[in-house]
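Add 20 to a position in the sequence shown, counting from 1, and you land on the number used in the working numbering.
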Amino acid sequence: MRLLTYNIHSGRDVNEKLSLRKLAREIQQIKADIIALQEVDSYFWRSRFRHQARYLARFLKMNFVFGVNMRYFWVMRYGNAILSRYPILAYHNYPLLSFKEKRGLLLALIACPKQKIIFLNTHLGLSSRERAFQVKEILHLATALNLPFILAGDLNASFAAKELKPLLSCFQPAKPVVHNNCATFPANQPQFCLDYILLSKDWEVNTTFILPAEGSDHLPVIANVGLNIVSS
Numbered sequence: 021m022r023l024l025t026y027n028i029h030s031g032r033d034v035n036e037k038l039s040l041r042k043l044a045r046e047i048q049q050i051k052a053d054i055i056a057l058q059e060v061d062s063y064f065w066r067s068r069f070r071h072q073a074r075y076l077a078r079f080l081k082m083n084f085v086f087g088v089n090m091r092y093f094w095v096m097r098y099g100n101a102i103l104s105r106y107p108i109l110a111y112h113n114y115p116l117l118s119f120k121e122k123r124g125l126l127l128a129l130i131a132c133p134k135q136k137i138i139f140l141n142t143h144l145g146l147s148s149r150e151r152a153f154q155v156k157e158i159l160h161l162a163t164a165l166n167l168p169f170i171l172a173g174d175l176n177a178s179f180a181a182k183e184l185k186p187l188l189s190c191f192q193p194a195k196p197v198v199h200n201n202c203a204t205f206p207a208n209q210p211q212f213c214l215d216y217i218l219l220s221k222d223w224e225v226n227t228t229f230i231l232p233a234e235g236s237d238h239l240p241v242i243a244n245v246g247l248n249i250v251s252s
């Protein structure tokens, strides 16, 4: 199974030009089975009032759910999205404790060919204290899950960040090993490792890599994984 996490920057590319079709073509080439997207607009003036998650899902011929974290005026929305080649049976967007910009944890129950799984998508806050609270909330929810699960998203912190240690000690990271570099931001000159795919112990990580891309200010992270066990 191929996984992708990608902060799409509201459809703006590495040069800050709005180009959702360019982004869609980049994602199409990756051929992912399940996708976590962050910074997704819906009917927003800055992205030409397009429902970006629906547009990408139709372009890629995938199922999707959209978790709204911020609302503006009557119709403008902003949040995270999950796209899947497999049926999405249910979903819920959990609000996370946030200091400024509202954040959320989008959960989807997905019917993969041999096993139902839980896929989680999030975008953590900008301050370490805020992230520490959010990590605690995510751990509280994730440790109660009784199915194999995956957590993907923009965690806004490096592997060495103190506030991420509880997550990284409980779940295995799909860590790219390319010249010991996992930087994903900024896309034109990556310096910071912000984007992650973390897995429960049920999974085996085969390969992980960061793809050079120009569709956003972040780079996409891709992981090829397989289940070690089949839960009842």
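Every residue gets a Cβ at the ideal spot worked out from N, C-alpha and C, and that includes glycine. Note that the structure is predicted; figures quoted are calculated from it, not measured.
- The Cβ-Cβ distance between S67 and S118 does not fall below 9 Å.
- In this structure I158 touches L125 by the C-beta definition: roughly 6 Å separates them, less than 8 Å.
- Assignment of V155 by DSSP, reduced to helix, strand and coil, places it in the helix class.
- For Q211, there is no enclosing alpha helix (DSSP H), as DSSP marks it with neither H nor E.
- Here M90 is exposed, its C-beta having fewer than 16 other C-beta atoms within 10 Å.
- Nearest to V85 by C-alpha distance, out of S104, F79, L218 and G235, is S104.
- Burial check for T227: the Cβ neighbour count within 10 Å stays below 16, so the residue is exposed.
- Secondary structure of A181 (DSSP, three-state): coil.
- By the beta-carbon neighbour count (other beta carbons within 10 angstroms, threshold 16), T25 is buried.
- Assigned with DSSP and collapsed to three states, Y26 falls in strand.
- Under the rule that a run must span 3 or more residues, the beta strand (DSSP E) segments found entirely inside the segment 211-248 read 215-219, 223-230 and 241-247.
- With contact defined as three or more Cβ pairs closer than 8 Å, the segment 203-219 and the segment 152-172 are in contact.
- The closest CA to that of F191, considering only Q211, A177, K134 and V225, is found on V225.
- Counting only runs of 3+ residues, the beta strand (DSSP E) found wholly inside the segment 97-131 occupies 108-116 and 123-131, in chain order.
- Comparing alpha-carbon positions, the option among P186, L129, L165 and K134 lying closest to Q154 turns out to be P186.
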